[in-house]
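First comes the structure, then the notes that go with it.
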Amino acid sequence: MENLLNQLTEIKGEIENWNAVLFTLYYHDIIYNSLKSDNEEKSALLAEQRMKEIAVDQEVIELCKNQILATKTHLKSLNNDTNYFTDADLSVLGQPWEIYQKYYEDVRKEYAIYPNLVYNPGRKKVLNHFLSMDKIYKTDYFIDKFETQARINLQNELAIL
Numbered sequence: 010m011e012n013l014l015n016q017l018t019e020i021k022g023e024i025e026n027w028n029a030v031l032f033t034l035y036y037h038d039i040i041y042n043s044l045k046s047d048n049e050e051k052s053a054l055l056a057e058q059r060m061k062e063i064a065v066d067q068e069v070i071e072l073c074k075n076q077i078l079a080t081k082t083h084l085k086s087l088n089n090d091t092n093y094f095t096d097a098d099l100s101v102l103g104q105p106w107e108i109y110q111k112y113y114e115d116v117r118k119e120y121a122i123y124p125n126l127v128y129n130p131g132r133k134k135v136l137n138h139f140l141s142m143d144k145i146y147k148t149d150y151f152i153d154k155f156e157t158q159a160r161i162n163l164q165n166e167l168a169i170l
């Protein structure tokens, strides 16, 4: 979460609704189970419930929910804040190799229940998905900052698998 906050803080001036982004930052992974595929939906629902309890404006709630749900697919959004958030969420892919290496090792630990025979093909599919995209990141800022290194990191991990 700290890396994500640091990435977003660097571009705070570009963010239109900073409060919605901060709520998204806090709630986007509040419910996480690597064996489930509905983490984003459950996190968005919990965010909505809690934000209503403290009388957060409905517009902020909707933005937050949409941003949380966008982290499931990382597709380009019509909302620039969402694109900045999802790009920041993927910023780990473009970190120096040593940081990325620790990240992919941590991902492997999350899925330790699966033997390599099952894990490796699934992980390769994810890596190839990102590599097949014209651009991994959606905003010029993150493209310039991380795109090249992210592709190198993904290719290196793929070679290791």
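Numbering (the numbering used here), first residue to last: 10 to 170.
Cβ atoms here follow ideal geometry from the backbone N, Cα and C, with glycine treated the same way.
Here the structure is a predicted model, which is why all the values come from computation and not from measurement.
Residue from the options whose Cα sits closest to the Cα of residue i
| i | options | result |
| --- | --- | --- |
| Asn12 | Thr148, Thr95, Ile122, Leu170 | Thr95 |
| Asp90 | Val101, Leu102, Ile77 | Ile77 |
| Arg160 | Arg117, Lys118, Ser100 | Ser100 |
| His138 | His83, Phe151, Asp66 | His83 |
| Glu107 | Val69, Gln158, Ala64 | Gln158 |
| Leu170 | Glu156, Tyr113, Gln16 | Tyr113 |
| Tyr109 | Leu167, Asn48, Ile40, Ser43 | Leu167 |
| Lys85 | Trp27, Lys147, Val69, Thr18 | Lys147 |
| Arg171 | Lys144, Glu119, Leu34 | Summary: the structure shown does not reach residue 171, with the chain confined to residues 10 through 170, and so no result is reported for it. |
| Gln16 | Asp98, Lys45, Trp27, Asp149 | Asp98 |
Residue i, DSSP secondary structure in three states
| i | result |
| --- | --- |
| Lys177 | No answer is possible for residue 177: the residues shown for the chain start at 10 and end at 170. |
| Ile145 | coil |
| Ile122 | coil |
| Val65 | coil |
Contact under 9 Å by Cβ, residue i with residue j
| i | j | result |
| --- | --- | --- |
| Leu163 | Leu126 | no |
| Tyr93 | Phe32 | no |
| Lys21 | Gly103 | no |
| Thr80 | Glu49 | yes |
| Asp38 | Met60 | no |
The region 43–53 in contact with the region 61–80 per 3-pair CB rule at 8 Å: yes
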